[in-house]
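Colleague:
In my numbering, the protein residues as written are 8 to 320.
1) Look at the alpha carbon of residue 75 and the alpha carbon of residue 97, and state the distance between them as a whole number of angstroms.
2) By DSSP, does residue 192 sit in helix, in strand, or in coil?
3) Going by the CB atoms, is the gap between residue 177 and residue 164 shorter than 9 Å?
4) Excluding the 5 residues flanking residue 232 on each side, which residues of the same chain have their C-beta closer than 8 Å to its C-beta?
5) Indicate, with yes or no, if the ligand FAD has a heavy atom lying under 8 Å from the CB of residue 90.
6) With 16 as the cutoff for other CB atoms within 10 Å, does residue 27 come out buried or exposed?
7) Once the 5 residues before and after residue 159 are set aside, which same chain residues still bring their CB inside 7 Å of it?
8) Contact check, residue 82 vs residue 149 under 8 Å by CB: the rounded distance?
9) Report all residues from its chain with a CB closer than 7 Å to the CB of residue 228; omit the five preceding and five following residues, and keep chain order.
10) Decide yes or no for the touch test of the region 52-70 against the region 111-126: beta carbon pairs closer than 8 Å, at least 3 of them.
11) Would DSSP call residue 187 helix, strand or coil?
12) Can you say whether residue 206 is buried or exposed, counting buried as having 16 or more other CB atoms within 10 angstroms of its CB?
In structure tokens:
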């Protein structure tokens, strides 16, 4: 059944807002479950400061006028919120697939519950994400996740999405929550973290490495590499946010920027967290093989800058 299942992860589905009756029912359902979100209000304070992105350490950033600094920070904040929004949106299609692929009633029940959580998270985050940023995903990471959801079988997804991605979500969303300057948004991320912990445990409980065939193993390796590569290359998306307001930077300027953003240090920390999450029973040989090939080592600032220029073309 799983092999025949195809779910289109339509990330660009709009919030139509045309069916007011349906909107009202959604809000009523959330309220009944005690999971109604806060209404985001216009706020002068950005959710995250420059120090979250290490922009406060950047000589280039320091030389810019206040207006450009604020514009770059706004861009970085918008990117985080938009990416989080689309990850939760991808979760809806993922759960639809996993419910249908479920081999037991309990598995279908569990994914029904997770789908409800993803729907709630999307409702919570949507008011904080500018409308035009809900149309097209930014960055390449979300497309890697979409590819996994579209192409992998259920058992492979138990590991790649349910175990690894949800496990990473605990670390990532907790970081966003603890550094957030806005109490309303901080509350949203803290509540999402609680759900992510349950979602992660579900993957650990369901994944069975003994069921992996050659095709699934290939998908596992490709998925693991996609996660690792997203971290090894450093803060490419933050650098892109900077360039939108400075114009194209030279290789020398980019190397200096990646160095100031402490790309090797931060990537090393993130890669170690990721590796710990990936170390699940029966998966040691996959991780050990990648360690031997030095996959869990970050790229240098120079390499990150060269990769950035290559992808910019």
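Glycine is no exception: its CB is placed at the ideal position from the N, C-alpha and C atoms. Keep in mind it's a predicted model, so treat the numbers as computed, not measured.
Modeller: Reading it off the structure:
1) Going by the C-alpha atoms only, they are around 33 Å apart.
2) Note: residue 192 maps to helix in three-state DSSP.
3) No, the Cβ-Cβ distance between residue 164 and residue 177 is not below 9 Å.
4) If the five residues before and after residue 232 are omitted, its C-beta is found closer than 8 Å to the C-beta atoms of 297, 302, all from its own chain and listed in chain order.
5) The ligand content of the structure shown is nil, which means the ligand FAD is not present either.
6) It is exposed - the Cβ of residue 27 has fewer than 16 other Cβ atoms within 10 Å.
7) The beta carbon of residue 159 is closer than 7 Å to those of 167, 226 in its chain, skipping five residues each way along the sequence.
8) Their Cβ separation, rounded to whole angstroms, is 17 Å, which puts residue 82 and residue 149 out of contact at 8 Å.
9) Answer for residue 228: 293, listed in chain order.
10) Output reads no: the region 111-126 does not touch the region 52-70.
11) In the three-state scheme derived from DSSP, where H, G and I count as helix and E and B as strand, residue 187 is classed as coil.
12) So residue 206 counts as buried.
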